[in-house]
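See below for the structure under consideration.
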Amino acid sequence: MRILFLNGPNLNMLGLREPGIYGSITLGDIGDAIQTQANKAGVEINFRQSNHEGELITWIQESREQFDFIVLNAGAYTHTSIALRDAISASETPTLEIHLSNVHAREGFRHTSIIAPVCVGQISGFGEDSYYLALDACIRLGKAD
Ligand code: DQA
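Counting from 36, one number per residue, gives the positions in the sequence shown under our numbering.
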């Protein structure tokens, strides 16, 4: 099984960025920990981040033949990007939406996810564990196939 972990804008700032909301762990640390877990499970992962909507869209499009699942923390694009949503639909790669923070317990503009209707489901509010839970969910969904 191959899983593409995609991280959107400002997630490269984890560790420095609003630690009261996002914690003090860096994205690099999360990527390393997910890689270790994936190795144990015999799963191949690719862990990427971009601040650019178009780059994320290209990666989602390219996932079509290359990955079984996408785990997507789209950052603020979650709430704004019809283009990301269309890319997920077009790719037909099953996509899990994740967030470190509980977006539903925050500002009103974070309560709407434009991508949610085209995702398998949403994991939100578990900090770095949102990434582990998404990896586990992919493995379980993959077995159910
Ligand atoms: C986030 C939540 C978004 O609302 C925010 O814009 C982010 C991070 C999260 O992981 O909690 O950049 O996706």
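Where a beta carbon is used, it is the ideal one built from N, C-alpha and C, also for glycine.
Under the DSSP definition of a beta bridge, which residues are partnered with residue i?
i	result
R141	Its beta-bridge partners do not exist; DSSP assigns none.
R37	E79
F161	DSSP output for F161 lists no bridge partner at all.
Y107	For the record, residue 107 in the displayed sequence is Leu; it is not Tyr. BP columns for L107 point to L41 and E132.
Between residue i and the ligand DQA, is there a pair consisting of the residue's CB and a ligand heavy atom that are separated by less than 7 angstroms?
i	result
R120	no
Report all residues from its chain with a CB closer than 6 angstroms to the CB of residue i; omit the five preceding and five following residues, and keep chain order.
i	result
I56	S136
S148	T113
CB-CB under 7 angstroms to residue i, same chain, minus the five flanking residues each way: which ones, in chain order?
i	result
G66	F82
R145	H114 and V138
P221	Since the displayed the chain opens at 36 and closes at 180, residue 221 lies outside it and no answer follows.
Go ahead and pull the three-state DSSP assignment for residue i.
i	result
N45	coil
G156	strand
T130	strand
N86	coil
I174	helix
L91	helix
I117	helix
W62	In the sequence as presented, Trp is not what sits at residue 62; that position holds Leu. Looking at L62 - three-state DSSP - the assignment turns out to be helix.
I123	helix
T71	helix
S98	helix
G55	helix
Got a sec? Which residues, its chain only, sit under 8 angstroms from residue i by beta carbon, not counting five neighbours each side?
i	result
H134	N108, T113, Q157, I158, S159, G160 and S165
W94	L39, L41, R83 and S85
L62	N42, L46, N47, L49, G50 and Q84
How would the residue list near the ligand DQA read, in chain order, if you kept each one whose beta-carbon is closer than 6 angstroms to any heavy atom?
Ordered along the chain, the selected set is N45, N108, G110, A111, T113, H134, L135, S136, V138 and R145.
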